[in-house]
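Mapped onto our numbering, the consecutive letters of the sequence shown carry residue numbers 21 to 107.
The next block holds one structure in the form of structure tokens; read it before the comments.
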Amino acid sequence: MRPLYYSMLLLFKDGAELCVNDVIEKLKPEYSNFKMLKPAAVREGLMTAQTNGLLDETRFDLDENGELRVYWKVNDYGVQMMTSYIK
């Protein structure tokens, strides 16, 4: 099994635009028992990927509960790094 952070990044490799809840839902089948598969930890991981230049914020909106939802998408540099380092 891949590290959770790697699997999070690979969800974006095909150009998907995802928010924290999307990432959690897609990873639940394989990582549901991981303590880090929680909104705050996933958000931190995505923000770290953004800070490292792998992901870009694309938009934000409010969810059905009025909570801010941020969406990210991989950029060219991110695809290059994922292809080179995550097999």
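Think of the CB as a built atom: it goes at the ideal place given N, C-alpha and C, for glycine as much as any other residue.
Inter-residue spacing [alpha-carbon to alpha-carbon] between Met67 and Met28: Taking the sequence shown and counting its residues from 1, one reaches residue 67 at position 47. Taking the sequence shown and counting its residues from 1, one reaches residue 28 at position 8. When only Cα atoms are considered, Met67 and Met28 end up about 12 Å apart.
Proximity to Leu88 [Cα-Cα], best of Lys33, Arg22, Gly35 and Asn41: Indexing the sequence shown from 1 puts residue 88 at position 68. Checking every option, the nearest Cα to that of Leu88 belongs to Asn41.
Where the beta strand (DSSP E) through Glu77 begins and ends: What you label residue 77 is simply residue 57 of the sequence shown in a count that begins at 1. Under the DSSP assignment, Glu77 falls in the beta strand (DSSP E) whose first and last residues are Leu75 to Leu82.
Segment limits, alpha helix (DSSP H) that includes Arg63: Your numbering for residue 63 matches position 43 in the sequence shown. Its alpha helix (DSSP H) spans residues Pro59 to Thr71.
Distance CB(Val90)-CB(Cys39) smaller than 8 Å: To locate residue 90, count along the sequence shown from 1; it is residue 70. To locate residue 39, count along the sequence shown from 1; it is residue 19. Yes.
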